[in-house]
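A.B. asks:
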Amino acid sequence: MGKGAMKNLRKAFLRDLLFLGAVVLITAVLLSMFPEKKDPVFLASKNFLVEMLLIMPAVMVLMGLFAVFVPDELIVRYLGKSSGLRGMLIAILIGAFPTGPLYVAFPIAASLLKKGARVASVVAFLSAWACIKIPQELVELQFLGLRFMAARLALTIVFVLAMGLLMERILGRELRDVPGVPEPGRP
Amino acid sequence: MNGTTLFINALALACLALGFMKDRAKTRQALKVSVKFFVRILPTMLVIILIIGLMSGFVPPKTISRVVGQEAGFIGVLTVAVLGAILQIPSLIAFPLAASLLENGASVTSVAVFITTLTMIGFVTLPLETRILGKRFALLRNALSFIIAILIGLIMGVIL
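The listed protein sequences derive, respectively, from chains A and Z.
Counting along the first sequence from 1, when you hit position 60 you're at 60 in the working numbering, and nothing is skipped either side.
Counting along the second sequence from 1, when you hit position 89 you're at 276 in the working numbering, and nothing is skipped either side.
#1: Should residue 283 (chain Z) be flagged as near chain A, meaning a C-beta pair shorter than 8 angstroms?
#2: Given a threshold of 16 other Cβ atoms within 10 Å of its Cβ, counted over all protein chains shown, does residue 149 (chain A) qualify as buried or as exposed?
#3: Is the CB of residue 257 (chain Z) under 8 angstroms away from at least one CB in chain A?
#4: Could you check how far apart the C-beta atoms of residue 339 (chain Z) and residue 159 (chain A) are, in whole angstroms? I think they sit under 8 angstroms.
#5: How would you list, in chain order, the residues of chain A whose beta-carbon sits under 7 angstroms from the beta-carbon of residue 286 (chain Z)?
#6: Quick check on the burial criterion: 16 or more other C-beta atoms within 10 angstroms. Buried or exposed for residue 138 (chain A)?
#7: For residue 17 (chain A), tell me which candidate among Z:273, Z:307 and Z:234 has the shortest Cα-Cα distance.
#8: Near residue 345 (chain Z), which residues of its chain fall below 7 angstroms by C-beta distance, leaving aside the five closest residues on each side in sequence?
#9: Could you pull out every residue in the same chain whose Cβ sits closer than 8 angstroms to the Cβ of residue 280 (chain Z), ignoring the five residues on either side in sequence?
#10: Report yes or no: is there a C-beta of chain A within less than 8 angstroms of the C-beta of residue 198 (chain Z)?
#11: Closer than 7 angstroms between beta carbons: that is the criterion. Which residues of the region 307-324 of chain Z meet it against chain A?
#12: Check whether the Cβ atoms of residue 163 (chain Z) and residue 287 (chain Z) lie closer than 8 angstroms to each other.
#13: Beta carbon of residue 97 (chain A), beta carbon of residue 70 (chain A): below 8 angstroms?
#14: Taking 8 angstroms as the threshold (C-beta atoms), are residue 264 (chain Z) and residue 312 (chain Z) in contact?
#15: Hey, how far is the Cα of residue 300 (chain Z) from the Cα of residue 320 (chain Z)?
#16: Does the beta-carbon distance from residue 196 (chain Z) to residue 67 (chain A) come in below 8 angstroms?
#17: Would you call residue 316 (chain Z) buried or exposed, if buried means 16 or more other Cβ atoms sit within 10 Å of its Cβ?
#18: Who are the neighbours of residue 234 (chain Z) on chain A, taking C-beta pairs under 7 angstroms?
#19: Are the region 191-211 of chain Z and the region 20-27 of chain A touching by the rule of at least three beta carbon pairs closer than 8 angstroms?
#20: Against residue 159 (chain A), what residues of chain Z qualify as contacts under a CB-to-CB distance less than 8 angstroms, listed in chain order?
#21: Give me, in chain order, the residues of the same chain whose beta-carbon lies closer than 8 angstroms to that of residue 284 (chain Z); leave out the 5 immediate sequence neighbours on both sides.
#22: Would you mind giving the Cβ-Cβ distance between residue 27 (chain A) and residue 200 (chain Z), rounded to the nearest angstrom? I have them listed as a contact below 8 angstroms.
#23: Could you list the residues in the region 107-127 of chain A with a C-beta less than 9 angstroms from some C-beta on chain Z, going in chain order?
#24: Using three-state DSSP, classify residue 274 (chain Z) as helix, strand or coil.
#25: Here's the rule: buried if 16 or more other CB atoms are within 10 angstroms of the residue's CB, otherwise exposed. What is residue 247 (chain Z)?
#26: Report yes if the C-beta distance between residue 155 (chain A) and residue 113 (chain A) is below 8 angstroms; otherwise report no.
#27: In whole angstroms, what is the alpha-carbon distance linking residue 323 (chain Z) and residue 314 (chain Z)?
#28: For residue 35 (chain A), count the other beta carbons within 10 Å of its own beta carbon; 16 or more makes it buried, fewer makes it exposed. Which is it?
#29: Does DSSP put residue 282 (chain Z) in a helix, a strand or coil?
#30: For the alpha helix (DSSP H) containing residue 188 (chain A), name the first residue and the last one.
#31: Between the region 33-45 of chain A and chain Z, which residues of the former have CB atoms less than 9 angstroms from a CB of the latter, in chain order?
Below, the structure is given as structure tokens:
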């Protein structure tokens, strides 16, 4: 990670802290105006805090392990060659593995497109990265239940495949005008 | 502690043990990365927890169901979809928020749409996506994601 990216992270973190301060202040003001609401508000917050603290460290450990043991180059190597429906399914599977926010996947997607990967596979990969990460699914299971998680997962996979094929139809099988990977450190 | 919690913690421990057996230095580095992730996500997590608390205390379920429940109809779904596309909440933290909305009268459709647009569409990161992947690709991906998010939500509303 370049210096610029680090700086951006620090800025984002400061912004998050500022936002937290604002919300704490608003909570304090509201609760001092309506003291009778104190108990229900604290009870609801406490329940969710406990539930999150029980799983978040484990999820973070999983994400850290994925991030270190599954480097970007590995993803590009495995995705570059696969094609067909099998290629798209592999793309979804690989997209579900690693970690990090969606914008981390953009440069990977760009280099895949430049290496001649199918548009449908790259779209499937990006979408899977966005919304079917394994640690994320575990949190969804915890909070929303098996039925919700399974239904959303199945529907998402089907629609992501369809979306990939549709985008390929519109854009062509291979993209030649991909602007490309930005310099390291420049967000 | 329920089954899912146990499973996640057991899985994390198993993976950690496997990592330590394979490569000590790398696993230690992974743990450092984990701590960094956690610290980075903590402020937003606390914000969401406070918001969930405030919502339970101050916003009656009736209001929530009027805005994002069955009664809100398609306009409600669209509103939630746009909100999900604009907001920048880490998806990990979005699930507890979604759960508390669901408990307080939001519809399955709204919640599914919210999670899907939140994760797949980055309104804030659209300029970045455009620069890296090109305008046509980025715009098309985000627009189609918006549509499939609504479709997924509507189908989930029917089957669940």
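Idealized CB from N, CA, C, for every residue including glycine.
Bear in mind that the values here come from a model prediction, so they are computed numbers and not experimental data.
C.D. replies: Reading from the atomic positions:
#1: Walking along the second sequence from the start, residue 283 (chain Z) turns up at place 96. It does: the Cβ of residue 283 (chain Z) has a partner Cβ on chain A nearer than 8 angstroms.
#2: Residue numbering aside, residue 149 (chain A) sits at position 149 when the first sequence is read from its first letter. When all chains shown are included, residue 149 (chain A) counts as buried.
#3: Looking up residue 257 (chain Z) in the second sequence gives position 70. So, not an interface residue.
#4: In the second sequence, residue 339 (chain Z) corresponds to position 152, counting from 1. In the first sequence, residue 159 (chain A) corresponds to position 159, counting from 1. Rounded, the Cβ-Cβ distance is 6 angstroms, consistent with contact.
#5: The residue labelled residue 286 (chain Z) in the question sits at position 99 within the second sequence. Residues of chain A passing the Cβ test: 143 and 144.
#6: The sequence position of residue 138 (chain A) within the first sequence is 138, counting from 1. Buried: at least 16 other Cβ atoms inside 10 Å.
#7: By 1-based counting over the first sequence, the position of residue 17 (chain A) is 17. When each option's Cα is compared against that of residue 17 (chain A), the closest is Z:234.
#8: For the purposes of this step, residue 345 (chain Z) is identified with residue 158 of the second sequence, where counting begins at 1. There are no such residues.
#9: One-based indexing of the second sequence puts residue 280 (chain Z) at position 93. Closer than 8 angstroms at the Cβ level, and outside the excluded window around residue 280 (chain Z), lie 228, 231, 232 and 235.
#10: Indexing the second sequence from 1 puts residue 198 (chain Z) at position 11. Yes, contact with chain A.
#11: 307, 309, 312, 315, 316, 318, 319, 320, 321, 323 and 324
#12: Past the boundaries of the shown model lies residue 163 (chain Z); chain Z is included only from 188 to 347, so the question cannot be answered.
#13: For this step, residue 97 (chain A) is matched to residue 97 along the first sequence. For this step, residue 70 (chain A) is matched to residue 70 along the first sequence. Yes.
#14: Taking the second sequence and counting its residues from 1, one reaches residue 312 (chain Z) at position 125. Taking the second sequence and counting its residues from 1, one reaches residue 264 (chain Z) at position 77. Their beta carbons are not under 8 angstroms apart, which means residue 312 (chain Z) does not touch residue 264 (chain Z) by this criterion.
#15: Residue numbering aside, residue 300 (chain Z) sits at position 113 when the second sequence is read from its first letter. Residue numbering aside, residue 320 (chain Z) sits at position 133 when the second sequence is read from its first letter. Near 25 angstroms, if we compare the C-alpha coordinates of residue 320 (chain Z) and residue 300 (chain Z).
#16: To locate residue 196 (chain Z), count along the second sequence from 1; it is residue 9. To locate residue 67 (chain A), count along the first sequence from 1; it is residue 67. Taking the C-beta atoms as reference points, residue 67 (chain A) is found no nearer than 8 angstroms to residue 196 (chain Z).
#17: Counting from one through the second sequence, the residue named residue 316 (chain Z) turns up at place 129. Per the 10 Å Cβ criterion, buried.
#18: In the second sequence, residue 234 (chain Z) corresponds to position 47, counting from 1. Under the 7 angstroms cutoff, chain A gives 19, 20 and 23.
#19: no
#20: Working through the first sequence from its first residue, we reach residue 159 (chain A) at position 159. Within chain Z, the residues near residue 159 (chain A) are 335, 338 and 339.
#21: By 1-based counting over the second sequence, the position of residue 284 (chain Z) is 97. Result list for residue 284 (chain Z): 235, 238, 239 and 276, in chain order.
#22: In the first sequence, residue 27 (chain A) corresponds to position 27, counting from 1. In the second sequence, residue 200 (chain Z) corresponds to position 13, counting from 1. With a Cβ gap of about 35 angstroms, residue 27 (chain A) and residue 200 (chain Z) do not count as contacting.
#23: 107, 109, 110, 113, 119, 122, 123, 126 and 127
#24: By one-based count along the second sequence, residue 274 (chain Z) stands at place 87. Looking at residue 274 (chain Z) - three-state DSSP - the assignment turns out to be coil, as it is neither helix nor strand.
#25: Locating residue 247 (chain Z) in the second sequence gives position 60, counting from the first residue. Exposed is the call here.
#26: Taking the first sequence and counting its residues from 1, one reaches residue 155 (chain A) at position 155. Taking the first sequence and counting its residues from 1, one reaches residue 113 (chain A) at position 113. No, they are not a contact pair.
#27: Counted from its first residue, the second sequence places residue 323 (chain Z) at position 136. Counted from its first residue, the second sequence places residue 314 (chain Z) at position 127. Cα to Cα, residue 323 (chain Z) sits roughly 12 angstroms from residue 314 (chain Z).
#28: Position 35 of the first sequence holds residue 35 (chain A). Under this definition residue 35 (chain A) is an exposed residue.
#29: In the second sequence, the residue the question calls residue 282 (chain Z) occupies position 95. Residue 282 (chain Z): helix per DSSP, three-state reduction.
#30: Residue 188 (chain A) lies beyond the stretch modelled for chain A, which goes from 1 to 187, so this question has no answer here.
#31: 34, 37, 38, 39, 40, 41, 42, 43, 44 and 45
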